Amino acid sequence: MFKTIITIKFLALLTAALQAQDIKGEWHGTLTAGQSEIGFVFTILKTESGLEGSMAIPARNLNNMKAGKTTFENGELLIDGSNNGWQYIGTYNASNETIEGHFKEGINKLPLNLKRGAFEEVTKTKRPQEPELPYPYQVEEVKFRNERANIQLAGTLTSPQNVVNPPVVILITGSGPQNRDEEVFGHRPFLVMADYLTRKGIAVLRFDDRGVNDSEGNHAEATTADFATDVMAAVDFLKLRKDIDKDRVGLVGHSEGGIIAPIVAVERPEDIAFVVSLAGTGVSGYETTRLQALHQAKNYVPDLEAYDNFIKGALDIASKEGDLELIRNELSEYYLASPFFNGSIPPGADKEAILKNLVEQRTSVWVRYFYNYNPAELYKKLNCPVLALYGEKDKQVFPEPNKARLENALKNGSTKDYTVLEIEGMNHFFQVAETGELDEYQNIQETMSPKVLDLLVKWIDNHTK
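First residue of the sequence shown? That's 0 in numbering that gives the first Met the number 0, and the numbers climb one at a time after it.
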């Protein structure tokens with residue numbers, strides 16, 4: 000009997016070892032989202048403590064995004080990157096060396112099948128505004144520490160040649176894990192912006208978000224306020240340098256970056272010379288989420304007023320203070336009682352899993368902070384010059400009511416030097432657009448309108464003389 004038990008245990012261990020051996024290595028596949036095709040690479044390593052998985056998205060220059068947990072049992076693979084807001088689940092087919100599965104990010108769940116082997120990236124169309132080597136300015140790869148978070152951040156500092164102690168701007172990315180170029184949909188807007196500004200005599204520091212590429216930290220567990228401390232660490236780094244003007248350090252934030260910037264400027268008023276918000280919200284996160292939900296539903300929900308009430312009810316629960324577990328339970332019950340939620344579940348779909356993902360997304364640490372954050376209140380407190388730009392066709396941060404709310408805050412605030420503009424024909428990334436919708440971004444060759452870049456340079460020049 001004892002020998003039989005040992006044999007069974009041995010066979011179980013052997014099976015597990017063989018499974019781990021079968022699954023380890025590099026796997027790649029292409030995810031289709033709307034009109035976009037995005038290549039994914041998963042790397043699975045076998046260590047003494049078990050399997051370790053990581054994800055890369057080459058087209059977005061996202062590399063080595065390590066999963067918190069990786070398991071392979073009975074042919075089912077789980078690469079759980081919830082620490083960075085994503086998850087991959089699939090079934091291994093040994094006969095043809097493939098994995099059939101789904102990639103999850105928030106409430107989104109899309110098919111993603113993988114093949115064994117190295118990823119062969121399709122040659123990308125070079126965007127016309129992306130600079131080519133050699134650059135007519137200095138490029139330095141830098142690292143600096145955020146002592147508050149005990150993490151090291153990595154970035155690139157570009158400095159104009161033959162300019163003594165130039166002004167410098169820190170570029171602040173939008174929401175979600177972003178690399179230093181804010182790479183999205185085949186565009187690298189921060190690379191283009193840094194190149195343009197540096198050629199015009201302005202130094203630029205851009206860096207990978209925490210948890211992305213060479214920057215340490217956990218992106219999924221951070222709030223907008225935490226990201227502000229990363230920017231403050233960048234300010235500290237620049238203040239120690241002797242090759243830039245410490246009195247002319249400015250912040251340029253895009254989207255969420257536009258609401259991170261005032262946090263930094265209010266806490267460090269003596270260190271920040273000016274703030275630029277590019278498509279930053281002027282209303283609360285609660286209101287932003289509500290407006291985005293209504294926009295997404297307008298073509299398939301017949302009763303938008305009832306849907307608006309449904310959204311507000313969910314946000315009221317998700318944003319309130321209290322025990323998180325109780326809030327999640329209440330939100331789950333709210334969704335289950337709603338015909339809007341129940342009617343959105345496709346036949347045969349895992350309703351429980353969809354509900355779980357939705358509730359977790361609506362109550363994440365980042366989003367709960369965002370719901371209750373009103374950037375207009377901080378913009379009121381700024382003493383430095385402010386430039387705020389909005390795209391007329393922006394379908395993520397709608398120019399109204401954001402522009403009016405921010406302009407009103409500045410009008411009644413401390414600074415007397417502010418400019419708020421709505422740029423005709425521009426989308427969220429300040430590309431000349433037809434519709435402004437997300438699925439249009441990658442089809443536009445322009446990364447960022449030269450008109451906007453020129454406006455930005457002239458405004459900074461006027462405020463750093």
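Glycine included, every Cβ here is placed at the ideal spot set by N, Cα and C.
Values in this document were obtained by computation on a predicted structure and should not be read as measured data.
Item to complete: To the nearest angstrom, report how far apart L132 and I459 are at their CA atoms.
Response: Stepping through the sequence shown from its first residue, residue 132 is reached at position 133. Stepping through the sequence shown from its first residue, residue 459 is reached at position 460. Going from the Cα of L132 to the Cα of I459 covers about 26 Å.
Item to complete: Determine, using beta carbons only, whether A317 and R267 come nearer to each other than 7 Å.
Response: Mapped onto the sequence shown, residue 317 falls at position 318. Mapped onto the sequence shown, residue 267 falls at position 268. The answer is no: Cβ separation not under 7 Å.
Practice prompt. Have a look at T69, L454, E72 and flag the residue whose alpha-carbon is nearest the alpha-carbon of V275.
Written response: Your numbering for residue 275 matches position 276 in the sequence shown. The shortest C-alpha separation from V275 is found at L454.
Practice prompt. Could you spell out where the alpha helix (DSSP H) holding H294 opens and where it closes?
Written response: For this step, residue 294 is matched to residue 295 along the sequence shown. Run containing H294: 284-296, per the alpha helix (DSSP H) assignment.
Discussion item. I'd like the span of the alpha helix (DSSP H) that includes F236, first residue to last.
Written reply: Taking the first residue of the sequence shown as position 1, residue 236 is located at position 237. Note, F236: alpha helix (DSSP H), 223-238.
Worksheet item: Taking C-beta to C-beta, are V248 and A233 nearer than 7 Å?
Response: Counting from 1 along the sequence shown, the entry for residue 248 is found at position 249. Counting from 1 along the sequence shown, the entry for residue 233 is found at position 234. Cβ atoms of V248 and A233: not closer than 7 Å.
Fill in: Chain-order list of residues whose beta-carbon lies under 6 Å from that of L420 (same chain, five-residue window excluded)
Against the sequence shown, residue 420 aligns to sequence position 421. Excluding residues within five positions, the ones whose Cβ falls inside 6 Å are L388.
Worksheet item: How close, in whole Å, do the beta carbons of Q484 and Q137 come, if the pair is a contact with beta carbons under 8 Å?
Response: Because the chain here runs from 0 to 464, residue 484 falls outside it and cannot be looked at.
Worksheet item: Curious, which full-length alpha helix (DSSP H) runs of at least 4 residues does the stretch 420-463 contain?
Response: 449-461
Discussion item. Quick check: what's the CA-CA separation for L237 versus E146?
Written reply: As a first step, residue 237 is located in the sequence shown; it is residue number 238 there, counting from the start. As a first step, residue 146 is located in the sequence shown; it is residue number 147 there, counting from the start. Those two C-alpha atoms are separated by around 15 Å.
Item to complete: Write down every uninterrupted run of the alpha helix (DSSP H) in the stretch 38-75 whose length is 4 residues or greater and which is fully enclosed by it, in chain order.
Response: none
Discussion item. Tell me the rounded alpha-carbon separation between E423 and A375.
Written reply: Within the sequence shown, numbered from 1, the residue matching residue 423 stands at position 424. Within the sequence shown, numbered from 1, the residue matching residue 375 stands at position 376. E423 and A375: Cα-Cα distance of roughly 23 Å.
Worksheet item: Short check: CB of L156 to CB of L204, under 7 Å?
Response: Taking the sequence shown and counting its residues from 1, one reaches residue 156 at position 157. Taking the sequence shown and counting its residues from 1, one reaches residue 204 at position 205. Yes, these two residues count as a Cβ contact at 7 Å.
Worksheet item: Three-state secondary structure (DSSP) at T122?
Response: The residue given as residue 122 occupies position 123 in the sequence shown. With a pLDDT of 44 at T122, under the threshold of 50, the modelled position of that residue is not reliable, and no figure is offered here.
Worksheet entry | C-beta contact flag for T42 and E25 at 7 Å | One-based indexing of the sequence shown puts residue 42 at position 43. One-based indexing of the sequence shown puts residue 25 at position 26. Yes, the pair counts as a contact, with Cβ atoms nearer than the cut-off.
Fill in: Assigned secondary structure, T29 (DSSP; H/G/I helix, E/B strand, else coil)
Position 30 of the sequence shown holds residue 29. Of the three classes helix, strand and coil, the one that applies to T29 here is strand, per DSSP.
Worksheet item: Nearest CA to the CA of D438: which residue from T418, Y333, Q395?
Response: Taking the first residue of the sequence shown as position 1, residue 438 is located at position 439. Ranking T418, Y333, Q395 by Cα distance to D438 puts Q395 first.
Worksheet item: In chain order, which alpha helix (DSSP H) runs of at least 4 residues are fully inside the stretch 350-422?
Response: 350-361, 364-370, 374-378, 398-410
Worksheet entry | Nearest neighbour of H27, chosen from S94, F184, Q86, L111 [CA to CA] | Locating residue 27 in the sequence shown gives position 28, counting from the first residue. Cα-wise, what sits closest to H27 is L111.
Fill in: Which listed residue (K350, V300, L357, K199) has its alpha carbon closest to that of F339
For the purposes of this step, residue 339 is taken as the residue at position 340 of the sequence shown. It is V300.
Worksheet item: What is the residue span of the beta strand (DSSP E) that T155 lies within?
Response: Numbered from its first residue, the sequence shown carries residue 155 at position 156. 150-159 is the span of the beta strand (DSSP E), which, as asked, contains T155.
Worksheet item: Just curious, the beta strand (DSSP E) that A202 is in, first and last residue?
Response: Taking the first residue of the sequence shown as 1, we reach residue 202 at position 203. Element bounds for A202: 202-206.
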